[in-house]
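Take the sequence shown: its letters are residues 1 to 234, numbered as in UniProt numbering. The beta-carbon is built from N, C-alpha and C at its ideal position, and this holds for glycine as well. Here the structure is a predicted model, which is why all the values come from computation and not from measurement.
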Amino acid sequence: MAQTGLAGKRSYHQYCGLASALDVLGERWTLLIIRELLMGPRRYSELLADLPGIGTNLLADRLKFLVDSGVLRQVDVHGTGGRLSYELTPTGQALRPMVLGLAHWGLEFVGDLSAEDTVRPHWGFLAVEAMFQWDKVSPIDESYQFQVDDEVFRIDVAGGVPRVAKGPADHPAMVATTDAATFVCIGAGRVTPLMAMVGGQLKLEGDIDAVLRCCELLGLEAGAAPAAQATSGH
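1. From what residue to what residue does the alpha helix (DSSP H) around SER20 run?
2. With contact counted as at least three CB pairs below 8 angstroms, one residue from each stretch, are the stretch 82-90 and the stretch 103-110 in contact?
3. Only counting the same chain, and skipping five residues up and downstream in sequence, which positions put a Cβ closer than 7 angstroms to that of GLU142?
4. Report yes or no: is there a C-beta of chain D within less than 9 angstroms of the C-beta of ILE186?
5. Between which two residues does the beta strand (DSSP E) harbouring GLN14 extend?
6. Going straight from the alpha carbon of GLN74 to that of GLU151, what length do you get?
7. Does the distance from the CB of VAL99 to the CB of LEU194 come in under 9 angstroms?
8. Counting along the chain, where does the beta strand (DSSP E) carrying ALA180 start and finish?
9. Could you pull out every residue in the same chain whose Cβ sits closer than 6 angstroms to the Cβ of GLY5, ignoring the five residues on either side in sequence?
10. As an exercise, report each continuous beta strand (DSSP E) stretch of at least 3 residues that is fully enclosed by the stretch 160-221, in chain order.
11. Relative to the C-alpha of ALA188, which candidate in LEU218, ARG35 and ALA60 has its C-alpha closest?
12. Where does LEU66 sit, in a helix, a strand or coil, going by DSSP?
13. Starting from PHE125, trace the alpha helix (DSSP H) in both directions and tell me its first and last residue.
14. Considering only DSSP beta bridges, list what ASP150 is partnered with.
15. Kindly indicate which three-state DSSP category ILE33 falls into: helix, strand or coil?
16. What do you get for ILE140, buried or exposed, if any count of 16 or more other CB atoms within 10 angstroms of its CB means buried?
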């Protein structure tokens, strides 16, 4: 059983790397704060808006603890001297592959979207990166663009390495347009791209072969049918 340790936080008091990691990350909401900051610096108000239910005092407490632990730091992103943002330190950035792994693993347990559930389009930014099938990366340099509600991000494949970035692609080989809930459902395998397209929840435009390469990169079973419905970019 965990016991209260330094700074009033609960500690397992076990001389073990996993237990020590949980001493820092095991509190409720902590990993979701890390998730938000993996996409870049965020202000306190932005974190509060995208973590509904956390409460102002609890968020402030979690942020202070993570700063004190060396996982986060405060930065003046806009150089104004006020309204500081929070960002991950190199120690915090080291959590990226682990958080992405958990996000991918958790897709298996995604259920039906309920009225109480919150979904944010920018979560698709991390969802895409978590879905990468590294042994399926195309040798062709190209970009795939995703419009998820009001957020736009892309995958750039260059030299056999895929990277996710915010903003539109200059010359996307494929453009996918959908909503955040449908995006999660596709990633979780609860609906196929074809089913989403037939239902009018997903629109795919671009080169047919690029659509198939993108689906393969993300581990999605596209099949011939959804690719055939893509609009040729040539």
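Quick answer:
1. Sequence index remark: in the sequence shown, residue 20 carries index 20 (1-based). Residues 17-25.
2. no
3. Within the sequence shown, numbered from 1, the residue matching residue 142 stands at position 142. Counting only Cβ-Cβ distances below 7 angstroms, and skipping sequence neighbours, we find VAL157, ALA173 and ALA210.
4. Absence of chain D from the displayed structure is noted, only one protein chain being present.
5. For the purposes of this step, residue 14 is identified with residue 14 of the sequence shown, where counting begins at 1. Note, GLN14: premise wrong, no beta strand (DSSP E); not H, not E.
6. Here the question's residue 74 lines up with position 74 in the sequence shown. Here the question's residue 151 lines up with position 151 in the sequence shown. Computed Cα separation, rounded: 25 angstroms.
7. Position 99 of the sequence shown, counting from 1, holds the residue named residue 99. Position 194 of the sequence shown, counting from 1, holds the residue named residue 194. Not closer than 9 angstroms, so no.
8. For this step, residue 180 is matched to residue 180 along the sequence shown. No beta strand (DSSP E) holds ALA180; the alpha helix (DSSP H) holding it covers 180-187.
9. Residue 5 sits at position 5 when you count from the first residue of the sequence shown. For GLY5, the pLDDT reaches just 45, beneath the cut-off of 50, and the residue's location in the model is therefore unreliable, although a value from the coordinates is still provided. Answer for GLY5: SER11, listed in chain order.
10. 161-166, 174-178 and 202-206
11. Along the sequence shown, one-based indexing puts residue 188 at 188. The shortest C-alpha separation from ALA188 is found at LEU218.
12. By 1-based counting over the sequence shown, the position of residue 66 is 66. LEU66: helix per DSSP, three-state reduction.
13. As a position in the sequence shown, residue 125 is number 125, starting the count at 1. Its alpha helix (DSSP H) spans residues 123-130.
14. As a first step, residue 150 must be located in the sequence shown, where it is residue number 150. Per DSSP, none; premise fails for ASP150.
15. As a working note, residue 33 is residue 33 in the sequence shown. DSSP places ILE33 in helix when its eight states are reduced to three.
16. The sequence position of residue 140 within the sequence shown is 140, counting from 1. Classification of ILE140: exposed, given that the 10 Å Cβ count is below 16.
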